[in-house]
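Student:
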Amino acid sequence: MSSVKGDYCNIGQFDPSSRTIDSVKEMNRISDMASLLEKIISMVPFFQIFAGRSTYAFAGMVSQGEQVRSSDWQTFSDSLKGVGAIKKKELERVAFQAGYYSIGEEAKFWRCVYNAL
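Here the numbering used here is used: the sequence shown runs in plain steps of one and ends on residue 150.
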């Protein structure tokens with residue numbers, strides 16, 4: 034088995050322990066929360082630009098155009114990238130800890146998961 038990040042490996046059959054099942058659930062929770070956070074972050078600029086515009090139509094369009102132009106899109110992009118980086122680190126943490134407390138094929142499985150991340 035290769036221990037280089039990004040490499041995949043084959044493992045034999047094993048019955049997952051309750052710790053492994055809990056770790057998989059935790060990884061799913063982390064993924065779900067990261068997806069939710071990405072959706073929330075993605076909606077923020079649209080609320081900032083379009084919400085609460087109850088003025089004359091033309092003035093509202095000018096104001097919206099100015100909001101789009103003056104928005105800090107680099108910070109927005111960095112925020113979205115940051116969610117992915119944090120998600121990856123948290124998934125690696127769970128996989129590493131699960132592998133540390135496992136033995137046999139189950140430990141090999143977690144090393145493979147960690148390396149695949």
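Yeah, the Cβ is synthetic: ideal placement off N, Cα and C, and Gly gets one too.
1. If you draw a straight line from the alpha carbon of Glu59 to that of Gln46, how long is it in whole angstroms?
2. Considering Cα atoms alone, identify which of Asp48, Ser110, Cys145 and Asn43 is closest to Gln130.
3. Starting from Asp111, trace the alpha helix (DSSP H) in both directions and tell me its first and last residue.
4. How should Asn148 be labelled, buried or exposed, when 16 other C-beta atoms within 10 angstroms of its C-beta is the threshold for buried?
5. Using the Cα positions of Arg62 and Ile136, report the straight-line distance between them to the nearest angstrom.
Tutor: Based on what the coordinates show:
1. Rounded to whole angstroms, Glu59 to Gln46 spans 22 Å at the Cα level.
2. It is Cys145 whose Cα lies nearest to the Cα of Gln130.
3. Membership of Asp111 in the alpha helix (DSSP H) is indicated by the continuous run Trp106 to Tyr133.
4. Taking every protein chain shown into account, the CB of Asn148 has 16 or more other CB atoms within 10 angstroms, so this residue is buried.
5. So the two alpha carbons sit approximately 24 Å from each other.
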